[in-house]
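Colleague:
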Amino acid sequence: MCGACCKRAATHPAFPLATNPDGSCMHLVDNKCSIYDTRPLVCRIKEYGQSIGKQGDEWIKANIRACNEIMDQDGVPQEYRIEI
């Protein structure tokens with residue numbers, strides 16, 4: 005719920021929704037997804053991985069590492085970090 009990935013939505017080649025001029029997802033409201041229950045597949049890490057032939061612990065760990073790196077770059081508080 006830090007919003008870091010959503011703020012960079014336009015940088016993901018598979019992101020299917022419109023984005024704001026700053027590249028953030030237009031559905032990011034107060035750092036939360038306003039369409040969480042119906043968010044696109046690319047926003048569902050496990051299911052997206054399965055759709056592109058990636059799955060299992062290594063896929064999840066790779067995404068956690070990328071997530072933590074984005075949070076570090078954006079100065080997101082440590083409380084949002086995910087430990088592997």
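Quick note, the sequence shown lines up with residues 5 to 88 if you use our numbering. C-beta atoms are modelled at their ideal positions from N, C-alpha and C, and glycine is treated no differently. As the structure is a computational prediction, the values presented were derived from the model and not from experiment.
Looking at the structure shown, is Lys36 part of a helix, part of a strand, or coil, going by DSSP?
Modeller: Note: Lys36 maps to strand in three-state DSSP.
Colleague: Mind pulling the alpha helix (DSSP H) runs of 4 or more residues that sit fully within the stretch 6-58?
Modeller: Listed in chain order, the complete alpha helix (DSSP H) runs (minimum 4 residues) inside the stretch 6-58 are 49-55.
Colleague: For Ala14, collect the residues of the same chain with a Cβ closer than 7 Å to its Cβ; drop the 5 residues on either side in sequence, then sort them by chain order.
Modeller: Same-chain partners within the cutoff: Thr23, Gly27.
Colleague: If we ignore side chains and look at the alpha-carbon of each, how far apart do Val80 and Gly57 end up?
Modeller: Rounded to the nearest angstrom, the two C-alpha atoms are 30 Å apart.
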